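In this note's numbering, the protein residues as written are 1 to 515.
Inspection log for the structure reproduced underneath, given as C-alpha cells.
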Amino acid sequence: MAPAADAPVVLEARGITKRFPGVVANADVDLTLHEGEIVSLLGENGAGKSTLMNIVYGLYQPDAGELRVRGEPVRFTSSADAIAAGIGMVHQHFQLVPVLTVAENVVLGQEPRRGPFLDRTRARREVAELSRRYGLAVDPDAIVGDLSVGAQQRVELVKALYRDADILILDEPTAVLTPGEVSEFFEVVRSLVAQGKSVVFITHKLKEVLAVADTVTVLRGGRVVGSADPRQASEAGLATMMVGRDVSFEVDKQAPTPGRPVLVVAGLVVADDRGVVTVDGVDLVARGGEIFGIAGVEGNGQRELVEALAGMRPVVSGAVSIGGQEVGGMSPRRVEALGVGHIPEDRGKHGLVGPFPVTDNLVLNRYQRAPFSVRGVMRRDALAAHASEQVKAYDIRTPSVDTACGSLSGGNQQKVVVARELSDEVRLLLVAQPTRGLDVGSIEFIHSQIVHRRDAGAAVLLVSAELDEILSLSDRIGVLYRGRLVAVMDRADATRDELGLLMAGGGVGLREGGT
C-alpha cells in the first residue's frame with residue numbers, strides 16, 4: 001500500500017558524494033523516503049547501494065551533500081548518532097549473540113536496569129510487548145542460537161524497534177529465508193509501514209521489489225539513473241535500468257546427457273566445528289554432464305557437506321570418491337589436483353586473502369604452476385596478464401588488478417572467486433551460493449559458465465538457498481534438511497511449492513527417486 005499523498009518526508013539524501021581511493025562510490029545521489037513508504041534500492045555490484053546506506057546509518061561520512069531526517073539537517077559520525085535519530089539497520093549477516101536469550105540480545109547495550117543489575121523482568125516484558133504490537137513472533141526466553149534463521153531476523157527487527165527506530169534499512173533481508181518465511185517477512189514489513197514505519201529495502205531479487213516496494217530507485221556506477229513505480233514496471237525493465245543493457249532471465253540449457261558417476265557419496269557423516277553432526281548419512285551420485293542441485297535453508301549442513309567434499313573438513317564416517325578414487329583424508333590441494341573446482345560459501349574465510357591483490361587471488365590454487373611460476377619463481381608479468389583477462393571477462397569492478405581484494409564490494413569479491421574456479425577445466429565443480437550478492441547481469445554470466453562446464457562433461461554439485469537458481473540450473477534436485485538428504489527428484493518433477501515445503505521440514509520422505 002503506497003503512502004498517503006501528503007505523507008511527510010522522513011529521510012532525504014541530497015547530492016551525496018563519497019570517494020574512496022581510485023573510485024567514486026556515490027556521485028551526487030538523491031534519495032527521498034516518506035512516512036509509511038517502502039523504497040527499494042536496486043543496483044549492480046559496486047553501484048553504491050551499501051555505501052549510501054552506510055552513510056545514512058552513520059558508518060561513513062559523505063564528502064559532499066546533505067542528509068535530512070524529518071526536515072532537519074544531520075551529520076552522523078557513528079551509528080549511535082543514526083540510532084538516536086530513529087534509524088535502524090538490519091544487516092544481511094545478523095548481529096546477534098547465539099548463546100544469549102532473545103530478550104538479552106534485544107536490549108544489549110541499552111539494558112533496563114534495577115540498580116547495577118539487568119532488570120530481566122522488564123526486558124522480557126518490553127520485548128514481548130514489541131513482539132505483540134508489530135506481529136513479530138519471538139519468545140523472549142528462547143536462546144537465539146536455537147532459533148530458525150527467520151526467527152533470528154525477527155529478533156533483529158525487534159532490536160531496531162526497541163531502539164525506537166522509525167526508519168528501517170533492510171539489507172538483503174530475504175537472502176537466507178525459505179519461500180514461506182519470505183511471505184511471512186513481507187507481511188511483517190507491510191504491518192510495520194501500516195503503523196507508520198518507513199523502510200529502505202536493499203535487494204537484488206526483482207520479483208521481491210515488484211511484490212513489496214512502493215517506489216524503486218536504481219543506482220548505476222554510483223549515480224541514480226532513475227526511479228520507477230513497481231505497479232508499472234517489469235523485471236526486464238528494472239534489470240535494464242540496473243545494468244544498462246537487456247538481460248536474459250532464461251538459462252540457455254540443453255537437455256542433459258549424463259555420463260559416468262564422477263562424485264559418489266555413501267553414508268557420509270560430518271560434524272561442525274563444535275563436534276555436532278550436521279551431515280547425517282548422506283548418499284548421492286553426481287554424474288558427468290549433469291548439475292545436481294541441493295536446495296535447503298542455510299544451516300542445514302550444506303557448508304559442512306561441501307567442505308568435506310573439498311577436503312577442508314574431516315569425515316566422521318562414510319565414503320567419498322571422485323572419478324573412482326577415494327578422497328578420504330586428502331588435503332584440499334590433493335582434491336583440487338583430481339580436477340575439482342570449489343566455489344566456497346564463505347568467500348571471505350575460504351575463497352580469498354583480503355590483503356592480497358586481485359592478481360594473486362585469481363591464482364591462489366595454481367600460482368605454483370606454469371605459466372605463473374617457473375622453477376619456483378613467480379612471474380609477475382604472467383600473473384598481471386591473466387588478471388587483466390579475468391577482470392575483463394567477469395566484469396570485476398576494481399580500480400586496478402593490484403587493488404587489495406578486501407577493499408572490493410562483496411559482489412566483486414565473489415566474482416574474483418568465481419573467475420578463478422571457472423577459468424580452469426575441471427571434472428567436478430563444487431559450487432556453494434555462487435551468485436549471492438551479485439547483480440542480474442553477473443548472475444546471467446555465471447549461470448552460463450556453470451552450464452558450459454556441465455556441457456563440457458563436468459559434474460556440478462550446486463548448493464543454493466535460491467530456489468530460482470536451483471530450478472533454473474539443476475538437472476536433478478535434492479533437498480537437505482537437518483543434515484539429511486530428505487528427497488531427490490528429477491528437475492522435471494520438481495515444483496516450487498514442494499521444494500519449499502521440504503526445505504521447511506514438511507513432507508519429509510515424500511520423494512525418494514531421481515537417482
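For glycine and all other residues, C-beta sits at the position ideal for the given N, C-alpha and C.
None of these values were measured; they are calculated from a predicted model.
Ignore the nearest five residues each way along the sequence and tell me which others in residue i's own chain have a CB closer than 6 Å to its CB.
| i | result |
| --- | --- |
| T257 | G289 |
| S198 | V10, L33, E35, E37 and I167 |
| A82 | Y57, G58 and F76 |
| V107 | A123 |
| P261 | V285 and R287 |
| A25 | K18, G48, T51 and G222 |
| R70 | V10 |
| D112 | A quick correction: the sequence has Pro, not Asp, at residue 112. Within the same chain, P112 has close Cβ partners D119, R122 and A123. |
| A142 | V102 |
| L206 | E235 and L238 |
| G532 | With the chain represented from 1 up to 515, any question about residue 532 goes unanswered, as that position is not in the structure. |
| T515 | At T515, the pLDDT of 48 sits below 50, so the modelled position is not reliable and the matter cannot be decided from this model. |
Compute the beta-carbon to beta-carbon distance between residue i and residue j, rounded to the nearest angstrom, for a pair I have assumed lies under 8 Å.
| i | j | result |
| --- | --- | --- |
| L428 | A456 | Contact doesn't hold; Cβ gap of about 12 Å is too wide. |
| V479 | I446 | With 8 Å as the limit, V479 and I446 do not qualify as a contact, their Cβ atoms being about 23 Å apart. |
| V516 | G48 | Residue numbering for the chain in the displayed model covers 1 to 515; residue 516 lies beyond these limits and cannot be assessed. |
| L42 | V216 | 6 Å |
| V144 | L100 | 6 Å |
| A103 | V127 | 5 Å |
| A494 | I477 | 5 Å |
| S191 | G115 | About 37 Å; that fails the 8 Å criterion. |
| G296 | M503 | 6 Å |
| S40 | V282 | Their Cβ separation, rounded to whole angstroms, is 38 Å, which puts S40 and V282 out of contact at 8 Å. |
| M312 | I169 | So it is not a contact: roughly 34 Å between Cβ atoms. |
| P179 | L438 | Contact doesn't hold; Cβ gap of about 20 Å is too wide. |
| S448 | D252 | 7 Å |
| A310 | A266 | Not really, about 17 Å apart at Cβ, beyond 8 Å. |
| E298 | V149 | 6 Å |
Would the C-beta of residue i count as close to the ligand COA, meaning under 7 Å from any of its heavy atoms?
| i | result |
| --- | --- |
| G237 | Of ligands this structure carries none, so the ligand COA is not represented either. |
Closer than 7 Å by C-beta to residue i: which residues in its own chain qualify, once you throw out the five before and the five after it? Chain order, please.
| i | result |
| --- | --- |
| L59 | S79 |
| D246 | T240 |
| A151 | V138 |
Between residue i and the rest of its own chain, which residues show a CB-CB distance below 8 Å, the 5 nearest in sequence each way excluded?
| i | result |
| --- | --- |
| R220 | G43, E44, A47, M241, M242, V243 and G244 |
| T403 | G22, P357 and V358 |
| V426 | G339, V340, G341, R453 and A458 |
| G237 | A228 |
| F372 | V363, R366, M378, R379, A382, L383 and H386 |
| I450 | I291, L422, L429, V431, P434, V460, L462 and L473 |
| D280 | V269, G301, R482, G483 and R484 |
| V374 | none |
| V316 | V269, V270, A271 and V277 |
| Q254 | D455 |
| V74 | L67, R68, D81 and A85 |
Please identify the residue among the options whose C-alpha is closest to the C-alpha of residue i.
| i | options | result |
| --- | --- | --- |
| S50 | E129, A128 and E172 | E172 |
| A194 | V212, T203, V182 and E208 | V212 |
| P332 | P314, A319, G348 and G318 | P314 |
| F20 | S423, S407 and L422 | S407 |
| P355 | V401, V391, L502 and E425 | V401 |
| R397 | A384, S40, A385 and G411 | G411 |
| A465 | Q449, L499, T495 and I450 | L499 |
| R163 | L210, A142, R133 and G109 | G109 |
| L31 | G150, P8, V200 and G348 | V200 |
| G505 | E181, N105 and Q368 | E181 |
| V517 | P8, Q254, L471 and I322 | Examination of residue 517 is not possible in this model, given that the chain is present from 1 through 515 alone. |
| D360 | S388, R334 and A337 | S388 |
| T203 | D252, V440, V74 and T278 | V440 |
| H93 | L130, T174, S442 and P140 | T174 |
| Q95 | R125, Q61 and A160 | A160 |
| S442 | R231, R496, D497 and K392 | K392 |
| E336 | R347, R420 and E184 | R420 |
| D346 | R436, L147 and A27 | R436 |
Worksheet item: Between the segment 256 to 272 and the segment 305 to 316, do three or more beta carbon pairs fall short of 8 Å?
Response: yes
Item to complete: Any chance you could list the alpha helix (DSSP H) runs of at least 4 consecutive residues sitting entirely within the segment 439 to 507, in chain order?
Response: 440 to 455, 467 to 473 and 496 to 503
Discussion item. Across the segment 10 to 25 and the segment 59 to 72, are there enough close Cβ pairs to call them in contact, namely three or more that are closer than 8 Å?
Written reply: yes
Discussion item. I'd like to know if the segment 404 to 423 and the segment 313 to 329 are in contact, where contact means that at least 3 CB-CB pairs between them fall below 8 Å.
Written reply: no
Item to complete: Report the residue ranges of all alpha helix (DSSP H) runs contained in full by the segment 383 to 445; include only those spanning at least 4 residues, in chain order.
Response: 410 to 422
Discussion item. With three or more C-beta pairs closer than 8 Å as the rule, is the segment 84 to 100 touching the segment 150 to 170?
Written reply: yes
Discussion item. Please give me, in chain order, every unbroken run of the beta strand (DSSP E) with length at least 3 that falls completely inside the segment 219 to 298.
Written reply: 223 to 228, 261 to 271, 277 to 287 and 291 to 295
Item to complete: Can you check the segment 74 to 131 for any alpha helix (DSSP H) of at least 4 residues that lies completely inside it and give the ranges in chain order?
Response: 79 to 84 and 102 to 107
Item to complete: Return the chain-ordered ranges of every beta strand (DSSP E) run that is complete within the segment 294 to 344 and spans a minimum of 3 residues.
Response: 317 to 322 and 340 to 343
Worksheet entry | Inside the segment 3 to 51 only - beta strand (DSSP E) runs reaching at least 3 residues | 9 to 20, 23 to 34 and 38 to 43
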